[in-house]
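All residue numbers in the sequence shown are consecutive under UniProt numbering, ending with 194. Data first, discussion second: the structure below is written as structure tokens.
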Amino acid sequence: MSSERYVQDFTALEALFKRFYKPLRAYAFRFVNDKDLSEDIVQDVFFELWQRRESIRFEDAAVKSYLFRAVYTHALNALNKKQQDVCTLEPAREADILDQYVTSYMQNSEQSLLLKELEEEIMSYINTLPPQCRKVFMLSRSYGLKNREIAEQLDISIKAVEKQISKALYGLKEHLVQKDLFPLLVLAVTCLSH
Numbered sequence: 001m002s003s004e005r006y007v008q009d010f011t012a013l014e015a016l017f018k019r020f021y022k023p024l025r026a027y028a029f030r031f032v033n034d035k036d037l038s039e040d041i042v043q044d045v046f047f048e049l050w051q052r053r054e055s056i057r058f059e060d061a062a063v064k065s066y067l068f069r070a071v072y073t074h075a076l077n078a079l080n081k082k083q084q085d086v087c088t089l090e091p092a093r094e095a096d097i098l099d100q101y102v103t104s105y106m107q108n109s110e111q112s113l114l115l116k117e118l119e120e121e122i123m124s125y126i127n128t129l130p131p132q133c134r135k136v137f138m139l140s141r142s143y144g145l146k147n148r149e150i151a152e153q154l155d156i157s158i159k160a161v162e163k164q165i166s167k168a169l170y171g172l173k174e175h176l177v178q179k180d181l182f183p184l185l186v187l188a189v190t191c192l193s194h
């Protein structure tokens, strides 16, 4: 690589850094809720961008979306690591966390932008549930009805209600794990409960 090209790339990267550092740091902070970690994430992303400069055109409009996507991925990885470092959750605890979040979210859906993607995934999963299961789940989580009240309202046994709720929560957990959103949910609940 010529020294002229090196200087051009460096100048272009510096301009990108000045332009996007603060918005990217704020974006990372929405996920990790930690100022130092947000700064580390953004610096790592720019370092990677610099390492890949041979294959990236800095003036390309796609660089902006690349940067935000990379920060998002790094933030999720950091959350995964944090979750593993802080506590390895037993399956029963995972279900509690999921339940706690879904209940608080569905009864006060005025949450931050950070959780928007999580909420959309939860709703899209709930919409795929079989009608009876969805009805039970919504009555329980959105309206806060007790299992006994749901059983009476739908004319089914309390056992059937419990079974439908467990089925919905289990499926939802699998869905969020698949979408890489479960760490975000764990962190959201941890933050909400402090």
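Just so you know, even glycine gets a beta-carbon here, dropped at the ideal spot from N, CA and C. These figures come from a predicted structure and were not determined experimentally.
Contact test: residue i Cβ vs the ligand NAP heavy atom, cutoff 7 angstroms
i          : result
residue 52 : The model on display carries no ligand, and the ligand NAP is accordingly not part of it.
CA-to-CA distance, residue j to residue i, given in whole angstroms
i           : j           : result
residue 77  : residue 142 : 31 angstroms
residue 167 : residue 117 : 22 angstroms
residue 74  : residue 159 : 43 angstroms
residue 37  : residue 65  : 21 angstroms
residue 51  : residue 147 : 56 angstroms
residue 3   : residue 11  : 12 angstroms
residue 157 : residue 145 : 15 angstroms
Other residues of its chain near residue i: CB distance less than 8 angstroms, five sequence neighbours each side excluded
i           : result
residue 17  : 46
residue 126 : 134, 137, 138, 168, 172
CB contact flag (residue i, residue j, <8 angstroms)
i           : j           : result
residue 25  : residue 42  : yes
residue 137 : residue 178 : no
residue 79  : residue 32  : yes
Residue burial classification, residue i (beta-carbon count within 10 angstroms, cutoff 16)
i           : result
residue 140 : buried
residue 183 : buried
Contacting residues, own chain, Cβ-Cβ under 6 angstroms from residue i (five flanking each side not counted)
i          : result
residue 81 : none
7 angstroms CB neighbourhood of residue i in its chain, flanking five on each side removed
i           : result
residue 44  : 74
residue 162 : 147
In chain order, each alpha helix (DSSP H) run of at least 4 residues that lies wholly inside the UniProt domain "RNA polymerase sigma-70 region 2" (16-83)
35-51
Within the segment 126-182, note down every full beta strand (DSSP E) run reaching 3 residues or more, in order along the chain.
none
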